[in-house]
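All letters in the sequence shown, in the order written, are residues 0 to 222 by numbering that gives the first Met the number 0. Okay, so here's the structure we're looking at.
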Amino acid sequence: MTQLLLSIDWMPFLVSIKLSIITCIILFCFCIPLAWVFTFKQFRAKKILETIITLPLVLPPSVVGFYLLILFSKYSFFGEFLEKYFNITLAFTFEGLVIASCIYSLPFMFNPLYNAMSLISKNIIEASFSLGKNSFITLFKVILPSIKPAILSALVISFAHTMGEFGIVLMIGGSLSGETKVASIVIYESMENLDFATAHIYSLILLIFSFVVLLSVNLLKNK
């Protein structure tokens, strides 16, 4: 076991962490204004868009991955357009993996933020506007400080979910060492090769890492 620990390839963990951090940053920047619009604005397609955002919660990763793979391929209009005019290929690349992870983890970031903003009294928002504060200042000075626990939960849940992604990662990113091969893929490949010792080590490291992250968040919440 000691020898196996010393010879372990840490690159898949680094790719997993890199993917999770980038995904969380993108989703946070996207979901904050999105949750603001859904909470304080009324528009006709609101329920339809909310349903679309929530779809990844109930759809199998293989379904999301399949349609994204078709969309990203050079045989689709979108994929052909990107490759022809921008020389960009998304299928089986880290960039494509980031986009797929953002789509699949979207509800895990959006729902906690949206639910928390929905609980904020409209009187507080109106009071901010009556004092001459615009939407931008109200968001950063009033809304965000009021939902700090929800922000923390959204970030942690999204990070942990991305760290544990398997199906959509396998379909969109494949298993390119140093680029798209994440820790969960190594566990799967080790099981296929009946290399249970390696699968055990990678699984144990992910388990300990996830436990430490969640424990840290729970301790911070109680402070």
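Glycine residues also receive a C-beta, built at the ideal position from the N, C-alpha and C atoms.
Thr137 in three-state terms, based on DSSP = In the sequence shown, residue 137 corresponds to position 138, counting from 1. Note: Thr137 maps to helix in three-state DSSP.
At least three beta-carbon pairs within less than 8 Å, the region 168-181 to the region 133-150 | no
Can the beta-carbon of Leu105 be found closer than 8 Å to that of Ile146?
-> Residue numbering aside, residue 105 sits at position 106 when the sequence shown is read from its first letter. Residue numbering aside, residue 146 sits at position 147 when the sequence shown is read from its first letter. No, the pair does not count as a contact, with Cβ atoms beyond the cut-off.
Should Thr50 go down as buried or exposed, given a rule of 16 or more other Cβ atoms within 10 Å for buried?
-> Within the sequence shown, the letter at position 51 stands for residue 50. Exposed.
At what residues does the alpha helix (DSSP H) containing Ala34 begin and finish?
-> On the sequence shown, residue 34 is found 35 positions in, with the first residue counted as 1. Run containing Ala34: Met10 to Phe39, per the alpha helix (DSSP H) assignment.
Just the Cα atoms here: how many angstroms apart are Phe128 and Phe42?
-> Along the sequence shown, one-based indexing puts residue 128 at 129. Along the sequence shown, one-based indexing puts residue 42 at 43. Cα-Cα distance, rounded: 21 Å.
Complete runs of the alpha helix (DSSP H) confined to the region 120-190 [at least 4 residues] | 121-129, 134-137, 147-162 and 166-171
Return the CA-CA distance between Ala44 and Thr161, expressed in angstroms with no decimal places.
-> Walking along the sequence shown from the start, residue 44 turns up at place 45. Walking along the sequence shown from the start, residue 161 turns up at place 162. Their Cα atoms are separated by approximately 28 Å.
Decide if the region 22-31 is in contact with the region 156-176; the criterion is three or more beta carbon pairs, one per stretch, under 8 Å apart.
-> yes
What three-state label does DSSP hand Phe93 in the structure shown?
-> Working through the sequence shown from its first residue, we reach residue 93 at position 94. Residue state, collapsed to three classes: helix.
Pair every Cβ in the region 96-110 with every Cβ in the region 58-77, then say whether three or more of these pairs are closer than 8 Å.
-> yes
With distances taken Cα to Cα, identify the nearest neighbour of Gly95 among Phe80, Phe85, Met108 and Ser72.
-> Within the sequence shown, numbered from 1, the residue matching residue 95 stands at position 96. Residue Ser72 is the option with its Cα nearest to Gly95.
Thr50 - containing alpha helix (DSSP H), residue span | Residue 50 sits at position 51 when you count from the first residue of the sequence shown. It spans Lys45 to Thr53 - the alpha helix (DSSP H) in which Thr50 sits, taken as one unbroken run.
Give a yes or no on whether 8 Å exceeds the smallest Cβ distance from Ser183 to chain D.
-> The chain labelled as chain D is not found in the depicted structure, where only one protein chain is given.
Report the three-state DSSP secondary structure of Leu118 (helix, strand or coil).
-> Locating residue 118 in the sequence shown gives position 119, where the first residue counts as 1. Residue state, collapsed to three classes: coil.
Could you check what DSSP says for Thr197 in three-state terms: helix, strand or coil?
-> Residue numbering aside, residue 197 sits at position 198 when the sequence shown is read from its first letter. Note: Thr197 maps to helix in three-state DSSP.
Indicate the three-state DSSP secondary structure (helix, strand or coil) for Phe210 in the structure shown.
-> As a first step, residue 210 must be located in the sequence shown, where it is residue number 211. If DSSP states are grouped into helix, strand and coil, Phe210 belongs with the helices.
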